[in-house]
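Participant: If you're matching positions, the sequence shown starts at 1 in the UniProt record's numbering and goes up one per residue.
Glycine residues also receive a C-beta, built at the ideal position from the N, C-alpha and C atoms.
Since the structure is predicted, the reported quantities are computational estimates derived from the model, not experimental observations.
Would you mind keeping the following structure in view while I ask a few things?
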Amino acid sequence: MIRYISAMPSPEWEHETPRTLALLGSTGSIGTSALRVVEAHPHRFRVVALAGARNVEKLAAQAARWRPEHLGVLDAAGAAKLRDLLPAGYAPHIHIGPEGYATMATLPEAGTVLSAQVGAAGLRATEAAARHGKVICLANKESLVLAGDIIRRHCAGSGAVILPVDSEHNAIFQALQGHDPASVRRIILTASGGPFRGRSREDLAAVSCRDALAHPNWDMGAKITIDSATLMNKGLEVIEACHLYGVGIDDVGVVVHPQSIVHSLVEYEDGSQIAHLGTPDMRIAIAYCLTWPGVVDAGVPRLDLVKAGSLTFEEPDLHSFPCLELARRAYREGRGMPVVLNAANEVAVSLFLSDRIRFLDIPDIIARALDMHDGTTPHDIEGIEALDEATRRTVYERAGHSNTDGMA
Ligand SMILES: NC(=O)c1ccc[n+]([C@@H]2O[C@H](COP(=O)([O-])OP(=O)(O)OC[C@H]3O[C@@H](n4cnc5c(N)ncnc54)[C@H](OP(=O)(O)O)[C@@H]3O)[C@@H](O)[C@H]2O)c1
C-alpha cells in the first residue's frame, strides 16, 4: 500500500507559464543538468533564483546567462567575490549561508524549488520550501533521510508537493501512475553496484579515492559517487523510498543491475512488475519533474535496447559493502539513528576524499557511530541539526582528525 508523501501539484501550478524556478545547488551536477533542461526549453521557465556554495565563478557565469533576481552563496567572502564578477548594471539580491538558502526556498515569486544541495546542508531549504507550500523537485535525498516525517507533516499542512528527482524514485513515481496504490506489493530499487562491484573485501582494502570516483554509468558529484561505491547511496535511497512512498522497509527491495538501464520497478499484487527504462542521464528525471505532467525532450540520447544488449541482475554483496545494511539498521532502530548514520557517512566520505582514511574505514566509522549513539531522539529540525553536529564532532575526534574540509 502506497501513501505518497504529498498531494499532487495544483492546477494553478500546472498552468503557470512560464514556471518560476528557484534552483538551489545550481552549480552542482544536478543543478547544471537542470539548467541544460531549462536552456532546451527557455519559454517554459523563468529562473528567479540560483544558489551555489563555493564555486562562485560558476554561479556568476550562470547568473550572467539567466539574470535571476536572487543569488545565494555560502559566506560573505563569496558574496563579495560574486558581486565583483557580475556584469555591470545587474545587481541581484545576494543571500548568504543556510538562512539565506532557506529564504530563497520560500520566495513568493518562485513556485518551484529544485532542492539539489549536497548532504545534510540541503535540509534547511527543503524544510522551508515544504513549510511554504512550494512544489519541490527533490534531488537532496538526505532531507528525507533526516526529516522525512517532518516534511510529510509540512506537506499536509501547507499543500507543498514533492516530485522525486532521484532517478530510482522518479522511476517508481512513473511506474505508479494510473495504478491503485492499494495494489502495490513492493518497490524494487536498482543499484549499479558502483565501480567495485564483484570485488572482495581483500580487494577493497587498497582501492584509492580516484578508483572510487570512476563511476561506470553515472556522472555525479563526488559525495554521491563515493556513496555509490560503498552502496550507502542505496541505503539512503531505501530510507528515502520509505518516507516518500509511505511503505515499510521490508517492502523496499534492492537488486544490483550493472547496466543502469532499468531505473527501478514496482511489483503489484497480481505479480506484474512495472519497470522504468532509460539512458542513465539525470536530465530525464529532472525534466519529468520540472514539466510535470507534460513530457518534453530532455536532450538525452535515445535508449537503444539492441545496443544495450544484456540486462543483468544480481543480489547486492552485503559482506563487501555493508553500508546498505547499516542504513536499514538505522531506519529500523529509529531514535535519531538515521541522523547519526548520515552525519557519520558525510564525515567518513570527506575523510576518504581527502585521503585521510581508507575505503573500508567508511563502513567501520559509520557502524561505530551507530553503536555509540546514546539514543537522543530529535523531534524537530533544530534537534536534528544538533544531533548531526554532535555526531560529526565525535566522529572527527574518534578518527583523530579535525574538521578542516569545510563540510556542513
Ligand atoms: N548527481 C546525481 O546524479 C544525483 C542523482 C540523484 C540524487 N542526487 C542528489 O542531489 C544532491 C546534489 O548532488 P550533486 O551530485 O549535484 O552534488 P554536487 O555536484 O556535489 O553539487 C552540490 C551542490 O550543493 C552545493 N553545496 C555544497 N556545499 C553546500 C553547503 N554547505 N550549503 C549549500 N550548498 C552547498 C554546491 O555548491 P558549490 O559547488 O558552488 O560549492 C553544489 O551546487 C545530493 O543530495 C545527491 O544525493 C544527485
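#1: Ala34 and Ala102 look like a contact to me (Cβ under 8 angstroms); what is the Cβ gap, rounded to whole Å?
#2: Can you tell me whether Thr279 is helix, strand or coil according to DSSP?
#3: Does ligand 1 have even one heavy atom less than 8 angstroms from the beta-carbon of Leu117?
#4: Look at the alpha carbon of Val38 and the alpha carbon of Ala110, and state the distance between them as a whole number of angstroms.
#5: Report the partner residues of Pro164 according to the DSSP bridge assignment.
#6: Ordered along the chain, which non-local residues of its own chain (more than five positions away) have a Cβ less than 6 angstroms from that of Gly406?
#7: By alpha-carbon positions, which one of Asn55, Arg186, Ala51 ends up nearest to Glu269?
#8: When the Cα atoms are used, what is the spatial distance from Ala156 to Ser6?
#9: Return yes when the C-beta of Leu353 is under 8 angstroms from any heavy atom of ligand 1, and no when it is not.
#10: Between Ala102 and chain D, is there a C-beta pair that is closer than 9 angstroms?
#11: Below 8 angstroms on the Cβ atoms is my contact criterion, and I expect Val165 with Ala139 to pass it. Report the Cβ-Cβ distance as a whole number of Å.
#12: Under 9 angstroms, do Ala88 and Lys134 count as touching if we go by C-beta distance?
#13: Expressed to the nearest angstrom, what Euclidean distance is found between the alpha-carbon atoms of Thr190 and Val73?
#14: Which one of Asp388, Glu397, Gly97 has the shortest CA to CA distance from Ala147?
#15: Are Leu370 and Leu341 closer than 9 angstroms when you measure CB to CB?
#16: May I ask you to report which of helix, strand or coil DSSP gives Phe173?
#17: Is it buried or exposed, Arg19, if we count other Cβ atoms within 10 angstroms and call 16 or more buried?
#18: In this structure, how does DSSP classify Thr27 when only helix, strand and coil are distinguished?
#19: In its own chain, which residues sit with a C-beta less than 7 angstroms from the C-beta of Ala408, not counting the 5 before and 5 after it?
#20: Do Ser192 and ligand 1 come close, with the Cβ less than 8 angstroms from some heavy atom?
#21: Taking Cβ positions, are Val207 and Arg197 nearer each other than 9 angstroms?
#22: Curious, which full-length beta strand (DSSP E) runs of at least 3 residues does the stretch 67 to 153 contain?
#23: Where does Ser228 fall in DSSP's three states?
#24: Assign Gly253 to one of three DSSP states: helix, strand, or coil.
#25: If we count the other Cβ atoms within 10 Å of its Cβ and call it buried at 16 or more, is His379 buried or exposed?
#26: Hey, His243 and Glu168: beta-carbon distance below 9 angstroms or not?
#27: Should Cys15 be labelled buried (16 or more other beta-carbon atoms within 10 Å of its own) or exposed?
#28: My understanding is that Ala327 touches Leu236, with C-beta atoms under 8 angstroms, so please give their C-beta distance in whole angstroms.
#29: Output the distance between the C-alpha atoms of Val238 and Ala399, rounded to the nearest integer angstrom.
#30: Helix, strand or coil, according to DSSP, for Gly406 in the structure here?
Facilitator: Put simply:
#1: The residue given as residue 34 occupies position 34 in the sequence shown. The residue given as residue 102 occupies position 102 in the sequence shown. Actually they are not in contact, since the Cβ atoms of Ala34 and Ala102 sit about 20 angstroms apart, beyond 8 angstroms.
#2: What you label residue 279 is simply residue 279 of the sequence shown in a count that begins at 1. Residue state, collapsed to three classes: coil.
#3: Along the sequence shown, read from residue 1 onward, the residue named residue 117 stands at position 117. Checking the sequence shown, residue 117 turns out to be Gln, not Leu. Yes - ligand 1 has a heavy atom lying nearer than 8 angstroms to the Cβ of Gln117.
#4: In the sequence shown, the residue the question calls residue 38 occupies position 38. In the sequence shown, the residue the question calls residue 110 occupies position 110. Near 15 angstroms, if we compare the C-alpha coordinates of Ala110 and Val38.
#5: Position 164 of the sequence shown, counted from the start, is the residue given in the question as residue 164. Leu138, per the DSSP bridge assignment.
#6: In the sequence shown, residue 406 corresponds to position 406, counting from 1. Its pLDDT being 41, under 50, Gly406 is placed unreliably by the model, and the measurement read from it follows with that caveat. Nothing listed; no residue qualifies.
#7: Against the sequence shown, residue 269 aligns to sequence position 269. Out of Asn55, Arg186, Ala51, Arg186 has the C-alpha closest to the C-alpha of Glu269.
#8: The residue given as residue 156 occupies position 156 in the sequence shown. The residue given as residue 6 occupies position 6 in the sequence shown. The alpha-carbon atoms of Ala156 and Ser6 are separated by roughly 7 angstroms.
#9: Position 353 of the sequence shown, counted from the first residue, corresponds to residue 353. Checking every heavy atom of ligand 1 against the Cβ of Leu353, none is found closer than 8 angstroms.
#10: Checking the listed chains, one finds no chain D in this structure; it contains a single protein chain.
#11: As a working mapping, residue 165 is identified with position 165 in the sequence shown. As a working mapping, residue 139 is identified with position 139 in the sequence shown. About 4 angstroms; that satisfies the 8 angstroms criterion.
#12: For the purposes of this step, residue 88 is identified with residue 88 of the sequence shown, where counting begins at 1. For the purposes of this step, residue 134 is identified with residue 134 of the sequence shown, where counting begins at 1. No.
#13: Start at 1 with the first residue of the sequence shown, and residue 190 comes out as number 190. Start at 1 with the first residue of the sequence shown, and residue 73 comes out as number 73. Roughly 34 angstroms separates the two Cα atoms.
#14: For this step, residue 147 is matched to residue 147 along the sequence shown. That would be Asp388, whose Cα lies nearest to the Cα of Ala147.
#15: Residue mapping note: residue 370 aligns to position 370 of the sequence shown, counting from 1. Residue mapping note: residue 341 aligns to position 341 of the sequence shown, counting from 1. Contact: yes.
#16: Numbered from 1 along the sequence shown, position 173 holds the residue referred to as residue 173. Note: Phe173 maps to helix in three-state DSSP.
#17: Residue 19 sits at position 19 when you count from the first residue of the sequence shown. Classification for Arg19: buried.
#18: Sequence index remark: in the sequence shown, residue 27 carries index 27 (1-based). If DSSP states are grouped into helix, strand and coil, Thr27 belongs with coil.
#19: To locate residue 408, count along the sequence shown from 1; it is residue 408. A caution first: Ala408 carries a pLDDT of 44, below 50, which makes its placement in the model unreliable, though a value can still be read off. If we look at Ala408 and ignore the five residues flanking it on each side, its Cβ neighbours are Gly119, Ala120, Ala121.
#20: If you number the sequence shown from 1, residue 192 lands on position 192. Every heavy atom of ligand 1 is 8 angstroms or more from the Cβ of Ser192, so no.
#21: Position 207 of the sequence shown, counted from the first residue, corresponds to residue 207. Position 197 of the sequence shown, counted from the first residue, corresponds to residue 197. Their beta carbons are not under 9 angstroms apart, which means Val207 does not touch Arg197 by this criterion.
#22: 70 to 73, 93 to 96, 112 to 115, 135 to 138
#23: Here residue 228 is taken as the residue at index 228 of the sequence shown, counted from 1. Three-state result, Ser228: helix.
#24: Against the sequence shown, residue 253 aligns to sequence position 253. Here Gly253 sits in strand by DSSP.
#25: Counted from its first residue, the sequence shown places residue 379 at position 379. Under this definition His379 is an exposed residue.
#26: Locating residue 243 in the sequence shown gives position 243, counting from the first residue. Locating residue 168 in the sequence shown gives position 168, counting from the first residue. Taking 9 angstroms as the Cβ cut-off, His243 and Glu168 do not qualify as a contacting pair.
#27: Residue numbering aside, residue 15 sits at position 15 when the sequence shown is read from its first letter. Residue identity differs from the one stated: residue 15 is His in this sequence, not Cys. Classification for His15: exposed.
#28: Within the sequence shown, the letter at position 327 stands for residue 327. Within the sequence shown, the letter at position 236 stands for residue 236. Their Cβ separation, rounded to whole angstroms, is 6 angstroms, which keeps Ala327 and Leu236 in contact under 8 angstroms.
#29: Counted from its first residue, the sequence shown places residue 238 at position 238. Counted from its first residue, the sequence shown places residue 399 at position 399. Rounded to whole angstroms, Val238 to Ala399 spans 27 angstroms at the Cα level.
#30: Working through the sequence shown from its first residue, we reach residue 406 at position 406. Caution is warranted here: a pLDDT of 41 is assigned to Gly406, below 50, making its placement in the model unreliable, and the coordinate value is therefore given only provisionally. Coil.
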